[in-house]
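Have a look at the structure below before the remarks.
Numbering (the working numbering), first residue to last: 97 to 182.
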C-alpha cells in the first residue's frame, strides 16, 4: 500500500498525469470506478483516494487487456487513477 500512497500525489483527478511516461501507454479508459490495463505493461490496479485524509481504496488486480474495478461506489472521491501492482 505504501507504493500506492507515494504514486497518488503524482496522479491528477482527471487522470491526465501519470507516474511515468510508460504508464500513459499502459492504462486507459480510466474513470472513478474502473480502468483498463493494456497489453505488455504488467499487472495494475485502479485506485481512488477518498475524503480529506485521502484514504486509499483499490480495485482488483488486472493483467493485460483486463479491467480493474472498484468493489463499491465510493462517496467523496478526491483522486483516482491506475498504479502498477505486484
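Ideal placement from N, C-alpha and C gives every residue a C-beta, glycine not left out.
Buried versus exposed call for residue i [16 or more other C-beta atoms within 10 Å across all chains shown]
i	result
residue 177	buried
residue 131	buried
residue 144	buried
residue 133	buried
residue 110	Model confidence at residue 110 stands at a pLDDT of 39, short of 50, so the residue's coordinates are unreliable and nothing is read from them.
residue 169	exposed
CB-CB length for residue i against residue j, believed under 8 Å
i	j	result
residue 139	residue 121	Not a contact, Cβ separation roughly 16 Å.
residue 160	residue 136	7 Å
Sub-7 Å separation of residue i and residue j beta-carbons
i	j	result
residue 150	residue 174	yes
residue 165	residue 155	yes
Residue range of the beta strand (DSSP E) that includes residue i
i	result
residue 155	151 to 158
residue 145	140 to 146
residue 161	No beta strand (DSSP E) holds residue 161; DSSP gives it neither H nor E.
residue 168	Segment: none, residue 168 is in no beta strand (DSSP E) and carries neither H nor E.
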